[in-house]
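The next block holds one structure in the form of structure tokens; read it before the comments.
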Amino acid sequence: MNEIVKTERLSMRPFTEDDLEWMIGHRTDAEVARYLGGLELQTPSFVEKRLKLYIGCYRELGLSMCLTSLRDNGRPVGISGLKPLDKTGEIELGYSFDKDQWGKGLATEAALAWLDFGFRESGLERIVAVAEPENSASIRVMEKVGMKFEDKAFYYGFLLSRYAINKADFSGRLVLPNSQRLG
4 MNEIVKTERL
14 SMRPFTEDDL
24 EWMIGHRTDA
34 EVARYLGGLE
44 LQTPSFVEKR
54 LKLYIGCYRE
64 LGLSMCLTSL
74 RDNGRPVGIS
84 GLKPLDKTGE
94 IELGYSFDKD
104 QWGKGLATEA
114 ALAWLDFGFR
124 ESGLERIVAV
134 AEPENSASIR
144 VMEKVGMKFE
154 DKAFYYGFLL
164 SRYAINKADF
174 SGRLVLPNSQ
184 RLG
């Protein structure tokens, strides 16, 4: 399947059923799962349902969480994208990377590219993101890309911090060099 978005270092494409094994490995890593609802939630059957949800979301909306790979070698290293936020009607920016990729700026790079795609290509006026309040790395990414704290509320059964950005507030932001929107 073709990539939707690419950056200098990353390529993002819709998930396929062939990605299940990688996704189970990613979401069942204890450190990664800590911020995805906990390891006990990330059973293989739960992960398979998530994968099917992402595939269906892309088919229906043209937006979803996507497999995120390194461009230089094609290795999958994370999940990123835009999708509907749990029972709100809003569109959510999400990202999750393998722990060996933490601290390299990949989440910020992916987040900027997805915001750019959402506002310029998908015509969105507002994008939100949520994170566990103690997930300081994810919150730093949200703040770096210009998102502002709005409130704490229950999403996906957890009390999460919600951040948001409007198209007008993003339009003047520096977008990554060599970012390309595909589609």
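Count along the sequence shown from 1, add 3, and you get the number used in our numbering.
Backbone N, C-alpha and C define an ideal beta-carbon position, used for all residues, glycine too.
In the three-state reduction of the DSSP assignment, Thr10 falls in the coil class. The DSSP-derived three-state label of Tyr158 is strand.
One Cα belongs to Ser83, the other to Tyr98, and the distance between them is close to 4 Å. In the structure shown, Lys102 falls within a helical segment according to DSSP collapsed to helix, strand and coil. Across the structure, Glu43 and Ile27 are spaced so that their CA atoms are roughly 13 Å apart.
For Lys107, there is no enclosing beta strand (DSSP E), since its DSSP letter is neither H nor E. The beta-carbon separation of Arg165 and Asp154, rounded to 6 Å, stays under the 8 Å limit for a contact. Classified as exposed, Ala33 has fewer than 16 neighbouring CB atoms from the shown chains inside 10 Å of its CB. Using a Cβ distance threshold of 9 Å, Met150 and Leu85 do not count as a contacting pair. Burial check for Thr19: the Cβ neighbour count within 10 Å stays below 16, so the residue is exposed. By the criterion of a C-beta distance shorter than 6 Å, Leu73 is surrounded in its chain by Val80, once the five residues flanking it on both sides are discounted. In the three-state reduction of the DSSP assignment, Val50 falls in the helix class.
Scanning the region 38 to 87 from its first residue to its last, the whole beta strand (DSSP E) runs of 3-plus residues come out as 68 to 73 and 79 to 87. One alpha carbon belongs to Gly92, the other to Asp21, and they sit about 29 Å apart. Non-local C-beta neighbours of Met68 in its own chain, meaning closer than 6 Å and more than five positions away in sequence, comprise Tyr57, Ile82, Gly84, Lys86 and Gly97, ordered along the chain.
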